[in-house]
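*Asks:*
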Amino acid sequence: MILSTTPSIEGRTITEYKGVVFGEVISGVNFFRDFAASVRNLIGGRSGSYEDELVKARTQAMRELSERAAEMGADAVVGIDIDYEVLGENGGMLMVTASGTAVKLA
316 MILSTTPSIE
326 GRTITEYKGV
336 VFGEVISGVN
346 FFRDFAASVR
356 NLIGGRSGSY
366 EDELVKARTQ
376 AMRELSERAA
386 EMGADAVVGI
396 DIDYEVLGEN
406 GGMLMVTASG
416 TAVKLA
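Going by my numbering, the first residue of the sequence shown is number 316, and it counts up by one from there.
1) Can you check whether the CB of A372 is closer than 8 Å to the CB of L409?
2) Given this structure, state the Cα-to-Cα distance separating G334 from E400, to the nearest angstrom.
3) Taking C-beta to C-beta, are A417 and V340 nearer than 8 Å?
4) How far does the beta strand (DSSP E) with A391 in it reach, from first residue to last?
5) By Cβ distance below 8 Å, which residues in the same chain neighbour A385 in space, the five residues on each side in sequence not counted?
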């Protein structure tokens, strides 16, 4: 499966548009990660635990997007956009949504 943020795949022709596909992941953030991040905010530096959670959620959303496109018979997903939202009480949940257009290539 070819995944791209561009509207086309260089050197390939889109022969059929299968439809819009999505991959969504909602991930909880736990107390210990929040505590470690707040300490980092006080002393400076990056929050590795939050960065790891963000990478994991994004990877899962892209995998889900790819799987759904394959179920539609697509060869690629073009025009991919990734959105991030904080949800829940006190922003305790991270939602990552990947969307794009599933296409068939020549």
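Backbone N, C-alpha and C define an ideal beta-carbon position, used for all residues, glycine too.
*Replies:* So, to answer that:
1) Cβ atoms of L409 and A372: closer than 8 Å.
2) 24 Å
3) no
4) A391 to L402
5) M316
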